[in-house]
Amino acid sequence: MFKILEKQMLNPTIAKIVISAPRIAKAALPGQFLIVRDEEKGERIPLTISDSDPVKGTVTVVIQLIGASSHRMVEGFEAGDSYSDVVGPLGNPSDFVNMDPEELKEQRYVFIAGGLGTAPVYPQAKWLHDHGIPVDVIIGARMKDLLIYTEELGGACDNLYLCTDDGSVGFKGVGTAKLEALAAEGKTYTRCVAIGPMIMMKFATLTCVKLGIPVVVSMNSLMVDGTGMCGACRVSVGGKTMFSCVDGPEFDGALVDWDEAMRRSRQYKPEEAAAMESYGK
Amino acid sequence: MLEATRCLHCKNPRCVGGCPVNIQIPEFISHIVTGDIDAAAAVIAKDSSLPAVCGRVCPQETQCEGQCILGIKGEPVAIGKLERFVADYQHARPVGERGSAVAIKAVPNGHKVAVIGSGPAGLACAADLAKWGYDVTIFEALHKAGGVLAYGIPEFRLPKDKVLQKEIDEVTGLGVKIETDVIIGRTTDIDDLMENEGFEAVFIGTGAGLPRFMGIPGENLSGVFSANEFLTRNNLMKAYRDDYLTPIHAGKKCCVVGGGNVAMDAARTALRLGADTTIVYRRSEAELPARKEEVHHAKEEGIDFRMLTNPVEILSDENGWVRAMKCIRMELGEPDASGRRSPVPVDGSEFEIECDTVIMALGTSPNPLIAQTTPGLERTRRGGLVADEAGATTRKGIFAGGDAVTGAATVILAMGAGRKAAEAIDAYLKGE
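Sequence order for the protein chains is A and B. Under our numbering, the first residue of the first sequence carries the number 1, and numbering increases by one thereafter. Under our numbering, the first residue of the second sequence carries the number 1001, and numbering increases by one thereafter.
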């Protein structure tokens, strides 16, 4: 059992949950994820780690209320309750963690974060910022009230750019448009990391390719075990089949077959809709 | 008991030689005849820690029963069913009422051993070590113990709560601790266990968990699943039950590709979920690697067998879902290195099988995670860990056995390897 220490709604559909998991907290590195199962009858849900504290023995995840499982995981549990299972850290850490220090010193990073994907950008930006690497972060949301992790990210980068579709705060438009604007102003980046909904990562990739910036994306594929056993998370990268869980979750966005990835993520839509209905939403 | 009386008690019992763990078969059967089931259980327990499982999933027809003298002219003694009876009879009674067969907790000898993976190899290794007084912890990556017995073999072949959990309880009853949700190689690693957590020896029984695919066009279409995914959703996550949240999709018409026991399990599961199911296999029925009994069950249940048929492409509908599988007919050529006649495609014989799901049951390979995260552990060309007959790997104090070494094989062979490694670990820690 893994105790929930803190639960906070960051916006109406995104919850931040801090869980006690000392072993995982000690091992977690930026870019990795967890699998959480709330109770015996629950699903195993992959969630990217958005913070970890090896001293306190805690890991933080953010969950978006989408289907029956995520609703129950958030609505059915409060601080003090426990989840049955939390396992990880899964997947490979972000490539910069193991990059040659000389090579790393030359990098200028920009992150494009969308929706739920904003939270897992935080440990990555923080790691780079702490290592003295220039980092800019662009966060996008439909409107001001839906932006998350602005405060945390503000302290973990050189420049934080907020974008809203309706212009209620910051740049009016999507994150990729902001990146183009920054590039037009003469900003140069050696690497972009895009994390968010697949459609956003696809367009971020297209923009980066156009601007000539290498782009890394974090694939949030369907998964069961997360250890390479089920193959549900297969994704075509450069024409080769990879497993997001053990080969990723981060890949070169320019090599990902986005249409296939988006189609595969919808495989269980009818079953998910039926589950939502019986959950009473 | 009537069945037990058929045993001839041969002087040189060939059945014992046919058993990978050499259970003293005539001896336990003789106790059934006299009605002393406790004694029968005690005889089996000397060699097997998972009798209720093995009684169900062992390929007895090629092992003990295949060697039985009675089988030459008629039916061999139903050794598997007798073993299953003894085990189930024991599980049905509270431990206190079992008489002589109760496992006695050994006096602790103060040595800590870590076992990685709670499948048949790990459970068998842990059970033996615990009986000899070792302080054993099993680390399991999934949320439930049992390995392939939990995620791979379906309920209808191996009941999870009634049989598997009871056998696991027997192992924990010996004092073995099981820590689920720990992935060695990620959550922590072998060196950390040995340097910081006081484990003096480690047994790796991580199985062969990585699914293989064919590499044909259309394999990543929606509706194409590995047998591992399909069976894990069904067995481990209990997706067949309405009250469990994990989804599963068997479709209306399902094609299962492969001819092993896993293919039979996947097909019979798909059938139970309401799919009209076909098994496609590239050789002929005689070469099906699955147990005869499983093939028989599958046929009886109404699964269509298309032999000498090999998929060449999976075809898509307008939404990227499986619409059909394009196959080519095969014919058998010369025997290959394995002695089986190798299938050769018949030119121009392509045809389509209409289906909306495809399950690939083509076998599995060992998971590379442990080897990748443990310096000094060598792997073979086929991905298995390098280990000698007794299970010793290329690193001192680290042993391995079962599918993690051999690649996908049977429950009983894994169990046998786990027990051999337990002996080797015992000898190693005693400084022999």
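Glycine included, each C-beta is placed from N, C-alpha and C at the ideal position.
Item, Value
"Contacting residues, own chain, Cβ-Cβ under 6 Å from V174(A) (five flanking each side not counted)", "G140"
"Integer-rounded CB distance, given that A1106(B) should sit under 8 Å from F1139(B)", "Contact doesn't hold; Cβ gap of about 21 Å is too wide."
"Members of the segment 1174-1208 of chain B near chain D, C-beta cut-off 8 Å", "The chain labelled as chain D is not found among the protein chains of the depicted structure, namely A and B."
"Opposing strand residues paired with Q8(A) [DSSP bridges]", "K16(A)"
"Extent of the continuous beta strand (DSSP E) run through Y161(A)", "N159 to T164"
"Simplified DSSP state of V135(A), which is helix, strand or coil", "strand"
"Within chain A, the residues that P1211(B) reaches when beta carbons sit closer than 8 Å", "M229, C230 and G231"
"Beta-bridge partners of F1213(B), as assigned by DSSP", "Paired residue(s): none; F1213(B) is not in a bridge."
"Cross-strand partners of D1242(B) (DSSP beta bridge)", "DSSP lists no partner for D1242(B)."
"A1275(B), DSSP secondary structure in three states", "coil"
"Inter-stretch contact at 8 Å, needing at least 3 Cβ pairs: the segment 273-281 of chain A / the segment 58-73 of chain A", "yes"
"I1425(B) beta carbon less than 8 Å from that of A1458(B)", "Outside the modelled stretch of chain B, which goes from 1001 to 1432, sits residue 1458(B), for which no answer is possible."
"Rounded C-alpha distance that separates E272(A) from M1237(B)", "15 Å"
"For V1086(B) and V1136(B), believed in contact at Cβ under 8 Å, the rounded distance", "Not really, about 25 Å apart at Cβ, beyond 8 Å."
"Secondary structure of A1101(B), DSSP reduced to three states", "Residue placement at A1101(B) is flagged as unreliable, the pLDDT there being 46, under the threshold of 50; the coordinate-derived value follows with that caveat. Note: A1101(B) maps to helix in three-state DSSP."
"Buried or exposed (CB count within 10 angstroms, at least 16 for buried), P1051(B)", "buried"
"Contact set for A1130(B): own chain, Cβ-Cβ below 6 Å, skip 5 residues either direction", "V1136, L1174, G1175 and V1176"
"Beta-carbon proximity of G80(A) to L34(A), cut-off 8 Å", "no"
"Euclidean distance between Cα positions of E151(A) and A1392(B)", "53 Å"
"Assigned exposure category for I1072(B) - 16 Cβ within 10 Å defines buried", "exposed"
"Beta-carbon contacts of K1420(B) that lie in its chain and below 8 Å, excluding the five residues immediately before and after", "E1389, A1390, G1391 and G1401"
"N1234(B) (DSSP reduced to helix, strand or coil)", "helix"
"Near-chain B residues of the segment 84-95 of chain A (beta-carbon distance less than 7 Å), N- to C-terminal order", "S84, D85, V86, V87, G88, P89 and L90"
"Closer than 7 Å at the beta carbon, the chain A residues around Y1244(B)", "K41"
"Chain B within 8 Å of A273(A), Cβ atoms only", "no"
"Bridge partner(s) assigned by DSSP for K284(A)", "Any property of residue 284(A) remains undetermined from this structure, which presents chain A solely from 1 to 281."
"Beta-carbon proximity of A1324(B) to E1354(B), cut-off 8 Å", "yes"
"Terminal residues of the alpha helix (DSSP H) in which Q1372(B) lies", "L1369 to T1373"
"Nearest-angstrom beta carbon gap, I1032(B) and D1047(B) [assumed within contact, 8 Å]", "That belief does not hold up - the Cβ atoms of D1047(B) and I1032(B) are roughly 16 Å apart, past 8 Å."
"The segment 1149-1159 of chain B touching the segment 1331-1346 of chain B, judged by at least three CB pairs closer than 8 Å", "no"
"Where G1074(B) falls, given that 16 or more other Cβ within 10 Å makes a residue buried", "exposed"
"Same chain only: Cβ atoms within 6 Å of L10(A), ignoring 5 sequence neighbours per side", "K16 and I148"
"Nearest-angstrom Cβ-Cβ length linking I1168(B) and L1123(B), presumed shorter than 8 Å", "7 Å"
"Within-8 Å CB hit, E1229(B) to chain A", "yes"
"Chain-ordered residues of the segment 1316-1342 of chain B with a beta carbon less than 9 Å from chain A", "N1319, G1320 and W1321"
"With 16 other Cβ atoms within 10 Å as the buried cut-off, status of S1349(B)", "exposed"
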